[in-house]
Amino acid sequence: MTEISNEELEARMRRKLMLDGPIRHDPQFTPEQQAIADKLIGRHNVERLQHHRPDGRRFRPTPVFVHYEYWWVNGGEFMSYWNMARIENGRRSDHNYTGDVATEINRLKAAGFTVKEIKIEGAPSLVGASKSGLTPRTGRKSFTERFGNFGGRRS
């Protein structure tokens, strides 16, 4: 086996670093990049991406499942309120909204999100939040819409 001098070893390492670049672990995002990435691939996948170690495997994001839950917080006569949370892939985070909870529920349902009520005994009813109100419509047509004129009069 041949001996390699320190200068030769250093030259090889410099070449390797110049060709491959420095090994990066834990890419850190700025707050603006973090917010953009949260919207694009979801908070759960951003956390996974920051801890991903490139060992020859590609990073594959998991599907993002988002739904909302709301419940009544009974705090006496003056401290009672409705609370809402966003659940993304099983991780709960507070959902801050302005205005009335009923309008927020209708807005989320119109956007196509699933909104669930956690039943608590003694909770007041929501005025304005219709259960059957704003249901998201898909682009699919019903059978009668597609084949309404099928087998009709022949001219």
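Using the numbering used here, read the sequence shown as starting at 7 and increasing by one per residue. We put the beta carbon where it would ideally sit given N, CA and C, even for glycine.
Leaving out five residues before and five after residue i in sequence, what residues of the same chain have Cβ atoms less than 7 Å from its Cβ?
i	result
serine 99	Ala91, Arg92
asparagine 155	none
Based on Cα-Cα distance, which residue from the options lies nearest to residue i?
i	options	result
tyrosine 103	Arg59, Gly128, Phe35, Tyr74	Tyr74
alanine 117	Thr109, Met19, Ile124	Thr109
lysine 45	Val72, Ile124, Ile10, Phe84	Val72
asparagine 95	His58, Glu38, Ile47	Ile47
glutamate 127	Trp77, Ile111, Glu83	Trp77
Only counting the same chain, and skipping five residues up and downstream in sequence, which positions put a Cβ closer than 8 Å to that of residue i?
i	result
phenylalanine 35	Ala43, Val52, Gln56
arginine 97	Arg49, His50
Could you spell out where the alpha helix (DSSP H) holding residue i opens and where it closes?
i	result
histidine 58	Where histidine 58 is concerned, there is no enclosing alpha helix (DSSP H), given that its DSSP letter is neither H nor E.
valine 107	107-116
proline 37	37-47
Apart from the five residues on each side of it in sequence, which residues of its chain come closer than 6 Å, Cβ to Cβ, to residue i?
i	result
valine 79	Tyr87, Asn89
proline 130	none
glycine 62	none
Strictly by DSSP, which residues pair up with residue i?
i	result
tyrosine 87	Val79
Which stretch, first to last residue, makes up the beta strand (DSSP E) that contains residue i?
i	result
glutamate 123	120-123
serine 99	97-100
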